[in-house]
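Shown next, in structure tokens, is the structure this report addresses.
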Amino acid sequence: MKNLVARLLLAVASLALTAPAMAQEAPEALADLVNPLMGTDSDHELSYGNTYPAVAVPWGMNFWSPVTGKPGSGWGYMYHDKKINGIKQTHQPSPWMKDYAAFSLFAETGPVKLKEDERASWFSHKAEESHPYGYKVYLADYNVTAEVTPTNRAAQFRFTFPKSDDAHILLDGLAGGSMVKIEPEKRRIIGYVRNNHGGVPGNFRNYFVAQFDHDFSISQSWDEAWQLSNALTREGAHVGAVVSFRTADGEQVGVKVASSFISPEQAERNLEELGSDSFAETQAKAKAAWEAELGRIQVSDPNLDNRRTFYSAMYRMLLFPRMFHEVDGSGKTVHYSPYDGKVHDGPMFTDNGFWDTWRAVFPYFVLVRPDLDSQIMQGLANAYKEGGWLPEWMSPGQRDVMIGSNSTNIIADAYLNGVRGFDVNTLYEAMVKNATTSAGRPRNAKGEVLSAVGREGVEAYNRLGYVPYDIGINESAARTLEYATADFSLSRLAAALGKSKDARLYAGHAQNYRNVYDATSGWMRGRKQDGSWMAPFTPYAWGDAFTEGNAMHYSFSAMQDVQGLINLSGGDKPFTDKLDSIFTLPPLFDDAYYGAVIHETREMQIVNMGQYAHGNQPIQHMIYLYDWAGQPWKAQAHARDVMARLYSATPDGYPGDEDNGQTSAWYVFSALGFYPVTPGVGQYAIGSPLFRKVQVTMPGGKALTIEAENNGPKNVYIQSASFNGTPYTRPWLSREMLQAGGTLRFVMGPTPNPQWASAKADAPFSMSAPSKP
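The sequence shown runs 41 to 813 under the working numbering.
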């Protein structure tokens, strides 16, 4: 007996010794660190992300998402809801843009229930599994488990039923125009949906095919009055189909679904993406696709929460813009054009607002995925050829949303940083058209002007050097600032293409930010045609001359010339005092222009970080401007503070609108320890790396290793740095050095080192030289 006990104790000890090694041998599944529910505890009044759990492959043409609200509303899934009424194919880029080309599937037992609020089933997050590559939920009212897993243009559903003589699967075409046709002999439902919220030609359709692996015992359809009948074909404002089964306990019904914007035949061709794969095989492939993309950045750090937040943010960053192209029978890439309604060769991407994503999402593509960025640029050239304009907000075609001509920034940033394989001359032509045209802009089917193309007020801007406050164009100061940054990008690209006259012209326009700087108040301010300033004025006022922000947020929006801002402020000390004030002033606001508190204002107020409104894009780069003014340790402290306080892999994990990956991209870059402030120059301002070790796979397979010795929650300050063993003393990194690979090493500590990277000569790029004391 003693020998047996001894042997058991020895075995237990051996297991205890080997268990950690065994655990380390199993690689961490990065896709399983992602929480797609991050940011879903949002509503119209307050955003913690305004996201939905997107089941997709990276940049997939179709996403799938559970629906807890009204399917056609912007808030289809809200974490605090208690019932689910469907799993829909969605293309929604933002709740403010709403969805298009959507339809949903749902499963029931017992009497058929059609209306969303009547058929909705209670569910619990405890019986819900959400991953980028699959979603699973228990529909408690029907004792059914519903699952979905995606490919680029198709998906597999799996419904596990109880024993029932009345098991049903509904396909809801949703409101907005649809057609369904049930083909019992082929065990499938085909049809199309037309629902959208603008930006499409009159012939817009999303054709679908849903192929079942079971025979139907009953086939029915319903009309817009929610009346069921045995008709196998329905067409109308809102129609749908129900197919029924007799099921044994635990019996699974599979549905393979695909869709196309081109034709019914192409939808069937897209179904071939699934091949003969089982549900598990499709799910494994989807997971592998995410592992490949997420795995381009490998994080080594003991803080599991930070790793989860990082990969959840990275997942969001890799969703948009979505592919809008398909592959025809000859293997050629083709697309339905949301601009002219025809089918063309070549790639097309959509669902993006460049006002948001030019800042960090596209710089990530430039740095890590230039091959993808090249395809997106090809798609932009196609959009211009087919629609006559560069899109600024596309969903799926032109939408009248936001300001600026920020497509210029992403095109110039791509070309100037070495991205090739696209028609840059056509895009340059398009950029110049945007920069010189406001009159005669096209109208959509409703007759509304597409002001998201061209530049409103550009004639006055080019004549006076700013968009006047008093000519009936709102957000005039914000437009001036954004046009000036775009003109900088245009001037840089013109120079690279040998267009020296244009380069000089637009470089001059890039200085127009100075024309809305009011030296008396020290802030950017709306200005009238006669040169006088708008009055009354308070820097706390949101809107009016600015877009979703106030004068304090926009007073740092000259990314092309931070030193110029420093000079206007009177030097480094007054400038850093102004930066400091953003965090120390109370979170007061004046909402008179809007007449109510908008959610962006409330999101700034409640986080108690002064006037720093990280929940919206205009100020997200501001923290890094300390690098230009000789105080990089403050950028380090604030970057880490924002990451710690405003982000988490939880339903309330974002500080405001996530916006097509931009707020996520801020976190991804900041966690690496640097951020792209100025477009077109290939420089990244250094902040504070979050992790102890990161390896980034650069284009061509070169590895960049970022190490942070002594890193931890309190050790946020850089004491010293080296690159490939050589001391590094600048507060910025170049694209060339990062893409070449090597080892970037930081030594971290709990207190600032004011000597590191604070020399004025080492500051990042600016158009202006430092002023002399």
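Built from N, CA and C at the ideal position, the CB exists for glycine as well.
Check	Outcome
Between the C-alpha atoms of residue 656 and residue 89, what's the straight-line distance to the nearest angstrom?	11 Å
What do you reckon, are the CB atoms on residue 534 and residue 526 nearer than 8 Å?	no
Straight-line CA distance for residue 423 to residue 87?	32 Å
With DSSP as the reference, label residue 425 as helix, strand or coil.	helix
In three-state DSSP terms, what is residue 685?	helix
Answer with buried or exposed for residue 797, where buried requires no fewer than 16 other C-beta atoms within 10 angstroms of its C-beta.	buried
What span of residues does the beta strand (DSSP E) with residue 663 cover, start to end?	Per DSSP, residue 663 belongs to no beta strand (DSSP E) and is neither H nor E.
How should residue 229 be labelled, buried or exposed, when 16 other C-beta atoms within 10 angstroms of its C-beta is the threshold for buried?	buried
For residue 20, write down the residues that DSSP places opposite it in a beta bridge.	Missing from the structure shown is residue 20; the chain here goes from 41 to 813 and no further.
Can you round the beta-carbon distance between residue 436 and residue 140 to whole angstroms, since I take them to be within the 8 Å contact cut?	7 Å
CB-CB under 6 Å to residue 368, same chain, minus the five flanking residues each way: which ones, in chain order?	374
For residue 398, name the three-state secondary structure that DSSP assigns.	coil
Please list the segments of the alpha helix (DSSP H) lying wholly inside the region 124 to 205, counting only runs of 4 or more residues, in order along the chain.	156 to 159
Among residues of its own chain, excluding the 5 on either side of residue 200, which ones have a beta-carbon nearer than 6 Å to its beta-carbon?	185, 292
Counting beta carbon pairs with one atom in the region 627 to 644 and one in the region 668 to 686, are three or more of them shorter than 8 Å?	no
Indicate the three-state DSSP secondary structure (helix, strand or coil) for residue 703 in the structure shown.	helix
How about residue 74 and residue 352: are their beta carbons less than 8 Å apart?	yes
Kindly indicate which three-state DSSP category residue 106 falls into: helix, strand or coil?	strand
Go through its chain and collect everything with a Cβ distance to residue 606's Cβ below 7 Å, but skip five positions before and after it.	612, 615, 668, 669
Would you be able to state if there are at least three C-beta pairs under 8 Å between the region 240 to 257 and the region 167 to 181?	no
Alpha carbons only, please: which of 104, 419, 409 is nearest the one belonging to residue 376?	419
May I have the straight-line CA-CA distance separating residue 595 from residue 554, to the nearest angstrom?	10 Å
Would you mind working out which of 461, 443, 557 sits nearest residue 514, comparing C-alpha positions?	443
Which runs of the beta strand (DSSP E), 3 residues or longer, sit entirely within the region 514 to 538?	none
DSSP three-state call for residue 413: helix, strand or coil?	helix
On the three-pair Cβ rule with 8 Å, is the region 624 to 631 touching the region 576 to 583?	yes
Check whether the Cβ atoms of residue 252 and residue 232 lie closer than 8 Å to each other.	no
Can you say whether residue 243 is buried or exposed, counting buried as having 16 or more other CB atoms within 10 angstroms of its CB?	exposed
If I measure Cβ to Cβ from residue 803 and keep anything under 6 Å in the same chain, skipping five residues before and after, which residues do I get?	668
Hey, is the region 328 to 340 in contact with the region 210 to 229, meaning 3+ C-beta pairs nearer than 8 Å?	no
Determine the contact status of residue 124 and residue 105, defining contact as a CB-CB distance below 8 Å.	no
Judging by CA-CA distance, which residue of 403, 449, 218 is the nearest neighbour of residue 143?	218
Could you give the first and the last residue of the continuous alpha helix (DSSP H) run that contains residue 383?	That residue, residue 383, is in no alpha helix (DSSP H); its beta strand (DSSP E) goes 383 to 385.
Starting from residue 262 and walking both ways along the beta strand (DSSP E), at which residues does that stretch end?	258 to 262
Short of 6 Å in beta carbon distance, which residues of its chain neighbour residue 784, apart from the five on each side in sequence? Order them along the chain.	746, 763
Give the secondary structure of residue 237 by DSSP, where H, G and I count as helix, E and B as strand, and everything else as coil.	coil
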